[in-house]
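**Q**
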Amino acid sequence: MCGIVGYIGNREAYNVLITGLKRLEYRGYDSAGISILNSQSSIYKCKGKVSDLERFVSGNNVSGTIGMGHTRWATHGEPNDVNAHPHKSFHGKFILIHNGIIENYARLKEKLMALGIPFKSETDTEVLVNLIEYVYEKGNSTAEIAVRMALSEVIGAYGLVIACTDEPDKLIAARKGSPLVIGVGSKEYFIASDATPIVEYTKSVIYLNDNDVAIISREGLILKNLQNDNQIPRIHQLDLDIGEIDKGGYKHFMLKEIFEQPRSILDTFRGRVGTELNAVYLGGLYNVTERLVEARRIIIIGCGTSWHAGLVGEYLFEDLARISVEVEYASEFRYRNPIITPDDVVIAISQSGETADTLAAVRLAKEAGALVLGICNVVGSSIPRETDAGVYTHAGPEIGVASTKAFTAQVTVLAMMALLIGRKKNVLSEEQYLSYIKSLTEVPGRIEQILVHDDEFKRIASLYKLANNFLYLGRGYLFPVALEGALKLKEISYIHAEGYPAAEMKHGPIALIDHKMPVVVLATKDSSYEKIVSNIQEVKARNGIVIAVVTEGESVITKMADHVLEIPVIDPIFAPLLAVIPLQLIAYHIATMRGCNVDQPRNLAKSVTVE
Ligand code: G6P
2 MCGIVGYIGN REAYNVLITG LKRLEYRGYD SAGISILNSQ SSIYKCKGKV SDLERFVSGN
62 NVSGTIGMGH TRWATHGEPN DVNAHPHKSF HGKFILIHNG IIENYARLKE KLMALGIPFK
122 SETDTEVLVN LIEYVYEKGN STAEIAVRMA LSEVIGAYGL VIACTDEPDK LIAARKGSPL
182 VIGVGSKEYF IASDATPIVE YTKSVIYLND NDVAIISREG LILKNLQNDN QIPRIHQLDL
242 DIGEIDKGGY KHFMLKEIFE QPRSILDTFR GRVGTELNAV YLGGLYNVTE RLVEARRIII
302 IGCGTSWHAG LVGEYLFEDL ARISVEVEYA SEFRYRNPII TPDDVVIAIS QSGETADTLA
362 AVRLAKEAGA LVLGICNVVG SSIPRETDAG VYTHAGPEIG VASTKAFTAQ VTVLAMMALL
422 IGRKKNVLSE EQYLSYIKSL TEVPGRIEQI LVHDDEFKRI ASLYKLANNF LYLGRGYLFP
482 VALEGALKLK EISYIHAEGY PAAEMKHGPI ALIDHKMPVV VLATKDSSYE KIVSNIQEVK
542 ARNGIVIAVV TEGESVITKM ADHVLEIPVI DPIFAPLLAV IPLQLIAYHI ATMRGCNVDQ
602 PRNLAKSVTV E
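Numbering (our numbering) for the sequence shown: 2 to 612.
(1) Can you say whether A512 is buried or exposed, counting buried as having 16 or more other CB atoms within 10 angstroms of its CB?
(2) Under 8 Å, do I96 and S36 count as touching if we go by C-beta distance?
(3) Ignore the nearest five residues each way along the sequence and tell me which others in E319's own chain have a CB closer than 8 Å to its CB.
(4) Consult DSSP for S325 and reduce its assignment to one of helix, strand or coil.
(5) Among residues of its own chain, excluding the 5 on either side of G275, which ones have a beta-carbon nearer than 7 Å to its beta-carbon?
(6) When you compare each of K526, T197, E168 to V379 by their alpha carbons, which one comes out closest?
(7) Excluding the 5 residues preceding and the 5 following S382 in the sequence, name in chain order all residues of the same chain whose CB lies nearer than 7 Å to its CB.
(8) From what residue to what residue does the beta strand (DSSP E) around V482 run?
(9) For G305, which residues of its own chain have a beta-carbon under 6 Å away from its beta-carbon, when the five flanking residues on both sides are left out?
(10) Straight-line CA distance for G375 to A362?
(11) In chain order, what residues of the same chain have a beta carbon less than 7 Å from the beta carbon of G21, not counting five sequence neighbours either side?
(12) Return yes when at least one heavy atom of the ligand G6P lies under 7 Å from the C-beta of V609, else no.
(13) If you reduce the DSSP assignment to three classes, tell me which class L374 lands in.
(14) Is the segment 421–441 touching the segment 401–409 in the sense that three or more CB pairs, one from each, lie closer than 8 Å?
(15) Please work out which residues of its chain come closer than 8 Å, Cβ to Cβ, to G78, disregarding the five sequence neighbours upstream and downstream, and give them in chain order.
(16) Going by DSSP, what residue range makes up the beta strand (DSSP E) through P445?
(17) Quick check on this structure: which residue in V550, A357, A503, A310 has the alpha carbon closest to the alpha carbon of G333?
(18) Would you mind reading off the limits of the beta strand (DSSP E) that contains T143?
(19) Excluding the 5 residues flanking A366 on each side, which residues of the same chain have their C-beta closer than 6 Å to its C-beta?
(20) Distance check for N100 and Y137, CA to CA, integer angstroms please.
(21) Among G477, G117, Y589, R603, whose alpha-carbon lies nearest the alpha-carbon of G314?
(22) Can you list, in chain order, the residues of its chain whose CB lies under 6 Å from that of A75, leaving out five sequence neighbours each side?
(23) Please report the residue range of the alpha helix (DSSP H) in which A536 lies.
(24) Measuring CB atoms only, is the segment 487–498 touching the segment 525–541, in the sense that at least three cross pairs come out at less than 8 Å?
(25) Would A14 and T72 be called neighbours here (beta carbons separated by less than 8 Å)?
(26) Please indicate yes or no: does the CB of C304 lie closer than 7 Å to some heavy atom of the ligand G6P?
(27) Would you give the residue range spanned by the beta strand (DSSP E) that R176 belongs to?
(28) Suppose the cutoff is 6 Å on Cβ atoms and the five residues either side in sequence are ignored; what does the same chain contact list for G545 look like?
(29) Below 8 Å CB to CB, which residues in the same chain sit around N279 once its five sequence neighbours on both sides are set aside?
(30) Do the segment 390–403 and the segment 251–263 touch if we need at least three Cβ pairs shorter than 8 Å?
(31) Residue ranges of each beta strand (DSSP E) run of no fewer than 3 residues wholly in the segment 221–248, ordered along the chain?
(32) Grab the span of the beta strand (DSSP E) containing H86 for me, first residue to last.
(33) Is the segment 569–582 touching the segment 599–607 in the sense that three or more CB pairs, one from each, lie closer than 8 Å?
(34) Just to confirm, is the Cβ distance from I558 to I461 under 8 Å?
(35) Please indicate yes or no: does the CB of V402 lie closer than 7 Å to some heavy atom of the ligand G6P?
(36) With 16 as the cutoff for other CB atoms within 10 Å, does M418 come out buried or exposed?
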């Protein structure tokens, strides 16, 4: 993982790079570095965040109009000043920043060391920069040729920005496996891991493909592949606004993103479903609808929160479309020997569209001949570009590392897909179909009603902020929400939390319950309501603390539980979209009360582009 930014043009590069790195910190933030390619071409890098780098640089001459910057998430070598990027080659001719992993780095390093080439860091990146200089010094005439030749020896993933001091008015960018976007301005170019550092300067971008190498000067850009064939750069227009990527008055991105959900869900179904449309339209699936309707089985793959959304999808597709569904961790699926046939439909869910395991699983499923669809948030990212078709969630940029609005957007897309297929297969009558559509369109308004109770969620959070463990229980559609609630709490507050199907509690977790154990029970009115009431009794009988999420107006659980969090009435199949909101907010408040950095939790990264 890691965020990279490069600039060449006529502005002061330092400002462009620092602002860009701050936007990319969600990709990694254990160390950061910068190099402005002026007469000194010094490298400034240090352990810590981009703000630490700013302090470190202050007072030095960083004036210049070409440069590169990096924010790191360590893979090879601990986070420290030496391992931070940029890295310089052994004779100092090449400077390079890298996102990805060089898998054959040990072999390459051994070869270079045997030739007497010294190394300063423990990184795979330094191997790459030294290899490029070694190839260059062997007599390969230009930096570009040396880069292409060196990269041909490399196995692994990279997004790179490279400068050569012999060719000072040029940057080279290359991609394989790790995302890279180039912003095209007037006599200036911006290079970044995603479009957020670019959008305030230009909306015209080129998404690099695997094996692309871009040679960039102020006068223009030449795009080639590793084999030296010219490629045609295709310019896309960004549909992203600068206002969408700042905190908009909220203390944290995560809080902003939680509160954005009424709007982001509306954006997800805008123009695709509505009472006036009386139908579901998913343009991205238009050409594959028949194959979807005929699917023998759907396999949903994802990681983290996206996997939880997939679990909700399993209930939706089974209930509404009567299709058998399997939900798989992408990382497990890709390394098993899964049985995939051309009758299967594989749906990859990923906010970033870049998660390495999910992308690899997509490739595996495509090779096996399945129809592969994507549900992704980041437009132009790798998964949507490699899948046969798909649906963007349109939730807007999600910056907080803990996923919130992406989850509700993913569930919304899965619901729309299940409704579409269910109706086409005649599993749903026209009347049921229209009634579900109406319910779905009510979700944003219902979430608004939940958000106004934030002070109450905060109060409950303050009571349990010192707990060491939490248990989350749910049944049916709300079991994945229990998993998601537990994940939110543990990833941002570092409190150990487990999500469980409520009935499974008796097979283990019940042994943990005592008067100190908060148990969050998802207990809205649905077909398993009576059963969950019994589960609450079981917890209370062991003196556990019950925080119950219930349907507005509920009276039985209200008497039994220590606290109730009410959510408005909604069709049970859409309850996950509502029930997750209080859990997101409780996790958020507990984490802030414990002094944790909720937008950048320790050890985590937003986009996991390594296995
Ligand atoms: C990381 C993030 C999670 C996210 C997961 C999958 O672990 O911290 O928030 O759910 O990756 O990411 P994706 O972009 O594929 O949804």
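For every residue, glycine included, the Cβ atom is placed at its ideal position computed from N, Cα and C. Predicted, not measured: the structure shown is a model, and the values here were computed from it.
**A** Reading off the structure:
(1) exposed
(2) yes
(3) S325, V326
(4) strand
(5) T442
(6) T197 is the residue among K526, T197, E168 whose C-alpha sits nearest the C-alpha of V379.
(7) P180, S353, G354, E355
(8) Counting along the chain, V482 falls outside any beta strand (DSSP E), though it belongs to the alpha helix (DSSP H) covering 480–494.
(9) none
(10) 12 Å
(11) Within its own chain, the residues whose Cβ lies closer than 7 Å to the Cβ of G21, once the five positions on either side in sequence are excluded, are V6, G70, A193, P198, listed in chain order.
(12) yes
(13) strand
(14) Taking 8 Å as the limit for Cβ pairs, the verdict is that the segment 421–441 does not touch the segment 401–409.
(15) N84, S122, E123, T124
(16) Not the beta strand (DSSP E): P445 falls in the alpha helix (DSSP H), residues 431–452.
(17) The residue asked about is misnamed: residue 333 is Glu in this sequence, not Gly. With distances taken between Cα atoms, E333 lies closest to A357.
(18) T143 -> no beta strand (DSSP E), and no H or E assigned at all.
(19) I341, V347, V373
(20) 22 Å
(21) G477
(22) D31
(23) The residue you asked about is not Ala; residue 536 is Asn in the sequence shown. It spans 530–542 - the alpha helix (DSSP H) in which N536 sits, taken as one unbroken run.
(24) With a cut-off of 8 Å, the segment 525–541 and the segment 487–498 do not count as touching, because too few Cβ pairs lie within range.
(25) no
(26) yes
(27) 172–177
(28) If we look at G545 and ignore the five residues flanking it on each side, its Cβ neighbours are I514, M518, V520.
(29) L435, I438
(30) The segment 390–403 makes contact with the segment 251–263; the number of CB pairs closer than 8 Å reaches 3 or more.
(31) When DSSP assignments are scanned along the segment 221–248, the uninterrupted stretches of beta strand (DSSP E) that are 3 or more residues long and fall wholly within it turn out to be 221–226.
(32) Note, H86: premise wrong, no beta strand (DSSP E); not H, not E.
(33) Between the segment 599–607 and the segment 569–582 there are fewer than three C-beta pairs closer than 8 Å, too few to call the two in contact.
(34) The answer is no: Cβ separation not under 8 Å.
(35) yes
(36) The residue is buried, with at least 16 neighbouring Cβ atoms inside 10 Å.
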